[in-house]
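Chains as they are written, first to last, in the working numbering: chain G, 24 to 434; chain W, 24 to 434.
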């Protein structure tokens with residue numbers, strides 16, 4: 024099969040236009056799910072797809088699709104990623120995968136190539152979990168429940184406000200399941216967000232699997248006392264338990280779980296004022312591992328540590344498991360398709376695991392799923408200075424196109 | 024001189040009515056300066072004073088006064104405290120001093136006693152420093168400046184909103200100075216907010232001096248990285264510096280500065296989400312000492328520690344001194360008046376220093392100033408469970424009345 028080539032100028036023009044939406048002026052973008060900027064990016068995507076003559080669909084979870092229909096096809100091969108960002112994040116994460124998917128569809132549309140399946144460029148809702156982690160792909164799998172909607176990551180009020188802002192409803196979220204038999208596979212191009220490809224001098228990463236993640240809210244409870252009149256030794260200061268846990272949890276991960284990572288991304292103090300001893304501190308903890316058993320072992324070790332820290336400072340402890348995801352394997356069919364595509368283009372490639380979560384980990388439960396990584400300079404991501412060389416982005420889009428055609432050939 | 028007696032029933036009725044304003048349902052009140060509840064409490068105070076036939080005045084800083092005028096008097100003896108509370112604080116702190124001052128004025132008014140000075144029950148603005156620490160007494164001394172108003176404790180936007188809410192202006196704040204020659208003295212009844220009186224079995228504390236306070240915002244700056252793909256050892260996690268500082272600063276105070284106290288009342292993480300390594304953590308630190316040199320020595324030791332913590336975790340550091348107050352001595356005249364009053368009533372009393380800041384520390388710069396403490400059960404304060412036996416509150420009000428008359432006798 025002769026593989027057609029994408030249009031790098033058009034691809035760049037779109038990529039740059041998207042980077043302006045929600046731009047923070049320091050090279051980054053601020054597009055949390057359902058923010059003004061996020062909704063503007065989705066609108067832009069729909070318009071660009073429509074201009075290209077693609078069919079545009081939005082499902083009940085807000086997932087945006089541009090579809091290149093094939094006569095008589097009953098299945099769709101999905102290519103995509105997400106247009107939302109972490110607060111003050113970079114302009115490659117997610118965006119590259121959506122814009123490259125759009126470019127692949129336009130390229131194939133122009134060649135007039137007839138395929139046995141539809142091609143669909145998809146932008147999933149809230150990959151970065153401002154409200155519910157992987158909201159869009161969870162909805163597509165039919166895995167959202169009323170219970171999940173009652174206690175979202177970002178708070179119930181924020182969820183309702185966001186849905187209303189985006190013109191969505193809870194009923195829509197709960198009824199967006201797609202029949203897996205209509206899905207031929209899923210491919211996602213993404214920046215690595217880590218340093219391995221750059222260090223190894225590789226151009227393409229073929230993802231073998233995606234890390235499992237668990238997140239928790241760990242609340243330390245003490246007593247609100249006057250900060251001037253209460254002797255130091257008579258205090259039950261929730262900040263001490265929380266701070267001690269932050270330091271100790273890092274030691275545990277580095278010394279006993281070097282194959283895992285952990286992050287305390289936030290602490291919230293109550294009442295949070297200068298002259299009152301903190302009576303409550305809520306710690307936002309996230310842990311990741313490629314292995315389910317190790318993830319559970321790390322969780323146990325950290326919960327024991329939190330209990331120890333609470334007792335040491337005369338505090339009470341409450342742990343809320345907020346959510347997470349199991350480690351996921353990419354399909355060998357998809358990995359083979361990506362490898363064949365990279366080799367046909369003469370690109371240096373390696374197998375790699377993903378330390379970040381992606382919608383692909385959910386799609387992998389129902390369809391043949393693969394991910395393509397391109398190098399992140401310095402491994403930096405979720406930051407305005409996140410950067411990937413444009414040549415690597417183009418390579419990634421070319422590999423995506425080739426891999427899609429390789430996968431489709433087997434239908 | 025025969026000392027008249029206050030009306031304990033009326034005093035209790037007022038105290039309970041005030042405790043309902045901003046009540047949080049758990050025994051506490053939530054009346055931060057310029058909140059709805061705080062303004063309602065001030066309105067209530069003005070109405071109760073007017074009902075008693077007292078003259079009501081509000082100055083440009085929002086300080087509320089009830090005045091019992093004496094024919095020909097050119098000076099006023101101030102009795103008072105504050106009606107604002109910390110967020111979710113107790114219903115004794117501040118309130119006791121204002122309600123008892125009102126009761127003292129009513130009692131003296133009823134006796135028809137002629138005094139050489141006016142008596143003024145005063146409620147100072149923002150003692151608890153939601154916006155500017157001791158805003159009201161600073162304004163009365165003429166010590167507020169445009170620079171202070173530009174960077175208030177609670178943020179510029181909150182200050183402007185609060186002033187607007189209360190019908191006040193910055194010009195008003197800056198022009199509320201009172202001529203010290205018109206002030207005959209200042210007496211304040213307050214709960215101890217510490218455990219010393221209760222432990223010693225004393226009924227009345229005669230305050231000798233008030234602690235000096237310094238507050239700081241200590242910012243640790245790292246780098247926002249993806250929490251899944253960035254190896255633990257490659258991170259610049261601002262939360263580690265901040266947490267390490269919290270633990271170490273407590274050790275420093277307890278081991279090297281047992282005569283001082285410190286509090287980290289808040290930490291703010293940025294961007295503050297689960298999946299991004301914190302790039303910035305702002306730590307709210309407050310330190311207190313009865314001795315100016317010790318306060319400075321503690322400050323130096325803690326700033327050295329913060330620098331050490333920043334370096335240890337590859338972070339940058341920025342320290343902003345937010346404000347504070349020098350240690351203050353109570354006048355011997357006022358202490359003598361309080362002691363005479365307590366002895367005449369046969370109450371067990373002791374001299375005591377104040378670990379909490381009070382408006383009295385500012386008034387002490389311009390006039391003969393004294394404070395009366397009554398016992399706090401368990402030493403608890405700035406909390407809904409803050410409690411003082413009603414009998415002790417009545418004793419305090421009686422001592423306040425007696426001390427006021429003793430001070431006035433010398434005019």
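In this text, a Cβ means the ideal position worked out from N, Cα and C, and glycines have one as well.
- The alpha-carbon of residue 96(G) is positioned some 6 Å away from that of residue 139(G).
- If you draw a straight line from the Cα of residue 211(W) to the Cα of residue 326(W), it comes to about 35 Å.
- Taken through DSSP and simplified to helix, strand or coil, residue 52(W) comes out as strand.
- When C-alpha distances from residue 282(G) are compared across 292(G), 432(G), 314(G), the shortest belongs to 314(G).
- The Cβ atoms of residue 83(W) and residue 199(W) lie closer than 9 Å to each other.
- When only Cα atoms are considered, residue 274(G) and residue 32(G) end up about 48 Å apart.
- For residue 294(G), the closest of 414(G), 260(G), 100(G), 116(G) by C-alpha to C-alpha distance is 260(G).
- Closer than 9 Å to the CB of residue 236(W) there is at least one CB belonging to chain G.
- With respect to residue 306(G), residue 351(G) sits apart: the two C-beta atoms are not nearer than 9 Å.
- For the region 98 to 152 of chain G, the continuous beta strand (DSSP E) assignments of 3+ residues that do not extend past its boundaries occur at 99 to 104, 141 to 146, in sequence order.
- Straight across, the Cα-Cα distance linking residue 193(G) with residue 185(G) is about 11 Å.
- With 16 or more other Cβ atoms from the protein chains shown falling within 10 Å of its own Cβ, residue 65(W) counts as buried.
- DSSP places residue 287(W) within a strand segment (E or B) once states are collapsed to three.
- Along the region 244 to 256 of chain G, going in chain order, the ones with a CB nearer than 8 Å to a CB of chain W are 246, 247, 248, 249, 250, 251, 252, 253, 254, 255, 256.
- Taking 9 Å as the cut-off between beta carbons, the residues of the region 284 to 298 of chain G near chain W are 284, 285, 286, 287, 288, 289, 290, 291, 292, 293, 294, 295, 296, 297, 298, in sequence order.
- As a beta-bridge residue in DSSP terms, residue 305(W) pairs with 242(W), 291(W).
- Among the bridge pairs identified by DSSP, residue 388(W) is matched with none.
- DSSP, read as helix, strand or coil, puts residue 393(W) in strand.
- Residue contact with chain W for residue 397(G): absent (no Cβ-Cβ distance below 9 Å to any residue of chain W).
- Here residue 56(G) is not near residue 174(G), since their CB atoms are 9 Å or more apart.
- If the five residues before and after residue 402(W) are omitted, its C-beta is found closer than 6 Å to the C-beta atoms of 217, 218, all from its own chain and listed in chain order.
- At the C-beta level, residue 399(G) and residue 356(G) stay beyond 9 Å of one another.
- At a Cβ-Cβ threshold of 9 Å, residue 68(G) and residue 35(G) do not count as neighbours.
- 378, 379, 380: these are the residues of the region 363 to 388 of chain G whose beta carbon lies less than 7 Å from some beta carbon of chain W, given in chain order.
- In chain order, 258, 259, 300, 302 place their CB closer than 8 Å to the CB of residue 246(G), counting only its own chain and leaving out the 5 sequence neighbours on each side.
- Between the alpha carbons of residue 127(G) and residue 420(G) lies a gap of roughly 7 Å.
- Taking 8 Å as the Cβ-Cβ cut-off, the region 138 to 160 of chain G approaches chain W at 151, 152, 153, given in chain order.
- With 16 or more other CB atoms across the displayed protein chains lying within 10 angstroms of its CB, residue 384(W) is buried.
- Residue 405(G) carries a coil assignment under DSSP once its states are collapsed to helix, strand and coil.
- When DSSP states are grouped into helix, strand and coil, residue 331(W) belongs to the helix group.
- Your pair residue 233(W) and residue 48(W) does not check out as a contact, with CB atoms roughly 32 Å apart and the cut at 8 Å.
- Among the residues of chain G, those whose CB is under 8 Å from the CB of residue 270(W) are 263, 266, 267, 270, following chain order.
- With a contact defined as Cβ atoms closer than 8 Å, residue 116(W) and residue 108(W) qualify at about 6 Å.
- Taken atom to atom, the span from the alpha-carbon of residue 214(W) to that of residue 277(G) is near 49 Å.
- Put simply, of 362(W), 376(W), 119(W) the residue whose alpha carbon is nearest the alpha carbon of residue 370(W) is 362(W).
- Annotation: residue 170(W) to residue 339(W) spans about 27 Å, alpha carbon to alpha carbon.
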